[in-house]
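These notes concern the structure reproduced below.
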Amino acid sequence: MKRSRLFLIIVLILLVINAAFFIAWHALGGKESLKAYLEEVVGKALDGRLKIASYNIGDRQVYAEGISFAKADSSIVLEVPNLRVNYDLLRFIFSGFKIRHLLRDVEINSPTVWLRIKPSEEKKPPPSPFELPDLLPYFTKANLNEGTLHLDLVIALKLGEGELLNIKEEISKIQISAI
Numbered sequence: 095m096k097r098s099r100l101f102l103i104i105v106l107i108l109l110v111i112n113a114a115f116f117i118a119w120h121a122l123g124g125k126e127s128l129k130a131y132l133e134e135v136v137g138k139a140l141d142g143r144l145k146i147a148s149y150n151i152g153d154r155q156v157y158a159e160g161i162s163f164a165k166a167d168s169s170i171v172l173e174v175p176n177l178r179v180n181y182d183l184l185r186f187i188f189s190g191f192k193i194r195h196l197l198r199d200v201e202i203n204s205p206t207v208w209l210r211i212k213p214s215e216e217k218k219p220p221p222s223p224f225e226l227p228d229l230l231p232y233f234t235k236a237n238l239n240e241g242t243l244h245l246d247l248v249i250a251l252k253l254g255e256g257e258l259l260n261i262k263e264e265i266s267k268i269q270i271s272a273i
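Going by my numbering, 174 is the number at position 80 of the sequence shown; the sequence numbering is gapless.
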């Protein structure tokens, strides 16, 4: 009889915790507060403005819709209609809360990127060669489906007086899968 009473008390405590979280998340605006916090932190970290139209968090995935990002100087503008991120919360907890053990699969559908590269008036040292970073510690699989890149490239020519060469190109139906 004592064991069944202890079990009932544990279940009631868990039910109260779950109800309190549900009320805080939906009725008290916890979901909107988290969205505003993410928009502010990520926007500041990337020197731009991030907007998320809506998102849902489940026990194993985050699904977001209407994501847009614009760099402060408008050199990069990104729009993602939907994004799905699968995560492993238990692995994250048992690894000592290391961010590298959180994400599993990332799926980005129909992103559109506007990339504007304009010549700079200041002298810069030559850039170091581009190396693709090792993304393996962060997730196991990433898919980009039906992507589009709009490139607007302006090159200063050394012919004549400050002539500019303007190149515009669009690449569509980009499929990238990283495993």
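We put the beta carbon where it would ideally sit given N, CA and C, even for glycine.
Pairwise C-alpha distance: residue j and residue i
{"i": "Glu255", "j": "Ser127", "result": "53 Å"}
{"i": "Ile170", "j": "Leu209", "result": "5 Å"}
{"i": "Arg97", "j": "Ile107", "result": "15 Å"}
{"i": "Asn176", "j": "Ile202", "result": "6 Å"}
{"i": "Asn237", "j": "Asn150", "result": "20 Å"}
{"i": "Gly123", "j": "Lys218", "result": "47 Å"}
{"i": "Arg99", "j": "Ser148", "result": "42 Å"}
{"i": "Val110", "j": "Asp167", "result": "48 Å"}
Residues near residue i in its chain [Cβ-Cβ closer than 6 Å; skip 5 each side]
{"i": "Val136", "result": "Leu144"}
7 Å CB neighbourhood of residue i in its chain, flanking five on each side removed
{"i": "Leu197", "result": "Val179, Tyr181, Tyr232 and Phe233"}
{"i": "Lys212", "result": "Val248"}
Selected residue, minimal CA-CA separation from residue i, among the options
{"i": "Glu216", "options": "Ala250, Val174, Ser204 and Asp153", "result": "Ala250"}
{"i": "Lys235", "options": "Ala158, Ser271 and Lys267", "result": "Ser271"}
{"i": "Ser204", "options": "Thr242, Pro220, Glu225 and Pro221", "result": "Thr242"}
{"i": "Ile265", "options": "Leu102, Lys129 and Val207", "result": "Val207"}
{"i": "Leu172", "options": "Glu257, His244, Glu134 and Ile268", "result": "His244"}
{"i": "Lys138", "options": "Ala114, Gly152 and Ala164", "result": "Ala164"}
Open item on the list: With three or more beta-carbon pairs closer than 8 Å as the criterion, would you say the region 138 to 146 touches the region 112 to 122?
Closed with: no
Task: Within the region 223 to 273, ranges of the beta strand (DSSP E) (whole runs, at least 3 residues) - done: 235 to 250 and 258 to 272
TODO: Taking only runs that begin and end inside the region 135 to 222, name each unbroken beta strand (DSSP E) of 3 or more residues, in chain order.
DONE: 142 to 151, 155 to 165, 170 to 181, 197 to 203 and 206 to 211
Open item on the list: So, does the region 187 to 194 touch the region 155 to 163, judging by three or more C-beta pairs under 8 Å?
Closed with: no
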